[in-house]
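Since the structure comes first, as structure tokens, the remarks are kept for the end.
Protein chains: 2
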Amino acid sequence: MLGRNTEVPSCSSNVVHEEVVARVREEMPLEETLYDLAELFKVFGDTTRVKILYALFAAEMCVCDIAALLNMSQSAISHQLRILKQARLVKFRRQGRVVYYSLDDEHVKQIFDQGLTHINELT
Amino acid sequence: MLGRNTEVPSCSSNVVHEEVVARVREEMPLEETLYDLAELFKVFGDTTRVKILYALFAAEMCVCDIAALLNMSQSAISHQLRILKQARLVKFRRQGRVVYYSLDDEHVKQIFDQGLTHINELT
DNA sequence: ATGACATATGAATAGTTGTTCATATGAACA
DNA sequence: TGTTCATATGAACAACTATTCATATGTCAT
Numbered sequence: 001m002l003g004r005n006t007e008v009p010s011c012s013s014n015v016v017h018e019e020v021v022a023r024v025r026e027e028m029p030l031e032e033t034l035y036d037l038a039e040l041f042k043v044f045g046d047t048t049r050v051k052i053l054y055a056l057f058a059a060e061m062c063v064c065d066i067a068a069l070l071n072m073s074q075s076a077i078s079h080q081l082r083i084l085k086q087a088r089l090v091k092f093r094r095q096g097r098v099v100y101y102s103l104d105d106e107h108v109k110q111i112f113d114q115g116l117t118h119i120n121e122l123t
Numbered sequence: 124m125l126g127r128n129t130e131v132p133s134c135s136s137n138v139v140h141e142e143v144v145a146r147v148r149e150e151m152p153l154e155e156t157l158y159d160l161a162e163l164f165k166v167f168g169d170t171t172r173v174k175i176l177y178a179l180f181a182a183e184m185c186v187c188d189i190a191a192l193l194n195m196s197q198s199a200i201s202h203q204l205r206i207l208k209q210a211r212l213v214k215f216r217r218q219g220r221v222v223y224y225s226l227d228d229e230h231v232k233q234i235f236d237q238g239l240t241h242i243n244e245l246t
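Structure follows, in structure tokens:
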């Protein structure tokens, strides 16, 4: 007998703390859920899209307005709006040649506010 | 690289709603704030990092544990932990050769919950 | 019909990112 | 001391992404 080595951490073998890993594994959400969550945040992880969403917090706007506001090309804005549309974050209505975009989710503001709270806590 | 565009990206002079754009422009947060916010969400926009954070919701874990839990290489986990560290989302303590990571922010859970709420609302 | 105009979209490209591989660091132990 | 083990890290590479450019779609006016 070499003493109680059963709980000695060893990484190269397999797992350091097997009980912890086993317990955490059970508490983990479904793989698909985590994937979807990451995909959602990926949408928020671009300055242009964040800007567009903040703009839509304030007012319904057409593509042209947004492009002017952000000083970017109509094409760039349209591409990003497509991504926001696919994520069901914005909706749109057509009025003649103009397409007006607006928010389609009431949680985005809260998510952003929580994000800002984290940022503001950094010294 | 950027902005060799002397042309104003307005669609055509009259169609832009100047009043709306002007008002929204005043309500927009600082450029830097929006950039920081996007950077934060970029951190959340990766499945591996989301998984790590969810694991740390449940327990403090060492690098080895996390790698075993997620069935990924130690190196990959370590690289991702560095990003989470830089974003001040996780903290660590050293105990001998083992480094234990844990959450360093109480808002992440709320942000994730809001994200899940959005996802679950999609039909 | 034709032209003007707002928006959408495919292709190309430059920039970014996550993982792997190899190696370095740092701590415990013989 | 040298070895072992947990972690960190730089370089390389493949995969992905945001913008631009060119063009298509769709609507209104003439």
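Here the protein sequences line up with chains C and S, keeping their order. Under our numbering, the first residue of the first sequence is numbered 1, with each subsequent residue one higher. Under our numbering, the first residue of the second sequence is numbered 124, with each subsequent residue one higher. From the three backbone atoms N, C-alpha and C, an ideal C-beta is built for every residue, glycine too.
- Min CB distance H140 of chain S to chain C below 8 Å: Position 17 of the second sequence, counted from the start, is the residue given in the question as residue 140 of chain S. Using beta-carbon distances, H140 of chain S counts as an interface residue toward chain C, with a partner under 8 Å.
- Could you tell me whether any Cβ in chain C is nearer than 8 Å to the Cβ of D227 of chain S? For the purposes of this step, residue 227 of chain S is taken as the residue at position 104 of the second sequence. Chain C has no Cβ within less than 8 Å of the Cβ of D227 of chain S.
- May I ask you to report which of helix, strand or coil DSSP gives S198 of chain S? Locating residue 198 of chain S in the second sequence gives position 75, counting from the first residue. Reduced to three states, the DSSP call for S198 of chain S is helix.
- Query: Looking at the structure shown, is R97 of chain C part of a helix, part of a strand, or coil, going by DSSP?
  - Reply: Within the first sequence, the letter at position 97 stands for residue 97 of chain C. Residue state, collapsed to three classes: coil.
- Proximity winner among C:E27, C:F44, C:S78 and C:I83, relative to V98 of chain C (alpha-carbon distances): As a working note, residue 98 of chain C is residue 98 in the first sequence. Comparing Cα positions, the closest option is C:S78.
- Query: So with Cβ pairs under 8 Å, would you call Y224 of chain S a contact of chain C?
  - Reply: Here residue 224 of chain S refers to the residue found at position 101 when the second sequence is read from its first residue. Closer than 8 Å: no.
- Where R216 of chain S meets chain C, residues with beta-carbon distance less than 8 Å: Translated into the one-based positions of the second sequence, residue 216 of chain S becomes position 93. Within chain C, no residue comes near R216 of chain S; the closest Cβ sits about 14 Å away, beyond 8 Å.
- Coil, strand or helix - V90 of chain C by DSSP: Residue 90 of chain C sits at position 90 when you count from the first residue of the first sequence. Strand, per DSSP.
- Span of the alpha helix (DSSP H) around G168 of chain S: Translated into positions along the second sequence, residue 168 of chain S becomes position 45. Taken as a continuous stretch (DSSP letters only), G168 of chain S belongs to no alpha helix (DSSP H), as it is neither H nor E.
- Item | Length of the line joining the Cα atoms of Y158 of chain S and R217 of chain S | Counted from its first residue, the second sequence places residue 158 of chain S at position 35. Counted from its first residue, the second sequence places residue 217 of chain S at position 94. Whole-angstrom Cα-Cα distance: 33 Å.
- Beta-ladder partner(s) of M184 of chain S, from DSSP: Here residue 184 of chain S refers to the residue found at position 61 of the second sequence. Partner(s): S:Y224.
- Task: Output yes if chain C places a C-beta closer than 8 Å to the C-beta of Q233 of chain S; else output no.
- Result: By one-based count along the second sequence, residue 233 of chain S stands at place 110. The beta carbon of Q233 of chain S sits closer than 8 Å to some beta carbon of chain C.
- Item | Listed by chain order, chain S residues near H107 of chain C by CB distance under 7 Å | For the purposes of this step, residue 107 of chain C is taken as the residue at position 107 of the first sequence. Residues of chain S with a Cβ closer than 7 Å to the Cβ of H107 of chain C are, in chain order, Q237, T240 and H241.
- Query: Where do the N-terminal and C-terminal ends of the alpha helix (DSSP H) with E106 of chain C fall, by residue?
  - Reply: Taking the first residue of the first sequence as position 1, residue 106 of chain C is located at position 106. Counting along the chain, E106 of chain C falls outside any alpha helix (DSSP H), and DSSP gives it neither H nor E.
- Query: Any C-beta of chain C sitting closer than 8 Å to the C-beta of A181 of chain S?
  - Reply: Taking the first residue of the second sequence as 1, we reach residue 181 of chain S at position 58. Yes, A181 of chain S counts as interfacial toward chain C.
- Excluding sequence positions up to five away, which residues of its chain have a Cβ less than 8 Å from the Cβ of L212 of chain S? For the purposes of this step, residue 212 of chain S is identified with residue 89 of the second sequence, where counting begins at 1. Closer than 8 Å at Cβ, skipping near neighbours: V166, L176, L226, D227, D228 and V231.
- Go ahead and label Q237 of chain S buried or exposed: buried means 16 or more other beta carbons lie within 10 angstroms of its beta carbon, across all protein chains shown. Looking up residue 237 of chain S in the second sequence gives position 114. By the neighbour-count rule (16 or more Cβ atoms within 10 Å), Q237 of chain S is buried.
- Task: Report the rounded CA-to-CA distance for N194 of chain S versus R146 of chain S, giving the unit in angstroms.
- Result: Residue 194 of chain S sits at position 71 when you count from the first residue of the second sequence. Residue 146 of chain S sits at position 23 when you count from the first residue of the second sequence. The alpha-carbon of N194 of chain S is positioned some 51 Å away from that of R146 of chain S.
- Item | DSSP state of L34 of chain C mapped onto helix, strand, coil | What you label residue 34 of chain C is simply residue 34 of the first sequence in a count that begins at 1. In the three-state scheme derived from DSSP, where H, G and I count as helix and E and B as strand, L34 of chain C is classed as helix.
- Task: Check each candidate in S:A199, S:C185, S:F180 and S:M151 and name the one with the smallest Cα separation from D169 of chain S.
- Result: Stepping through the second sequence from its first residue, residue 169 of chain S is reached at position 46. In this structure, S:A199 is the residue among S:A199, S:C185, S:F180 and S:M151 with its C-alpha nearest to the C-alpha of D169 of chain S.
- Boundaries (first-last residue) of the alpha helix (DSSP H) holding V147 of chain S: By 1-based counting over the second sequence, the position of residue 147 of chain S is 24. Start and end: E141 to E150.
- Query: Of all Cβ atoms in chain S, is any one closer than 8 Å to the Cβ of R23 of chain C?
  - Reply: The residue given as residue 23 of chain C occupies position 23 in the first sequence. Closer than 8 Å: yes.
- Item | Test: R211 of chain S CB closer than 8 Å to a CB of chain C | For the purposes of this step, residue 211 of chain S is taken as residue 88 along the second sequence, with counting starting at 1. Yes - at least one Cβ of chain C is within 8 Å of the one on R211 of chain S.
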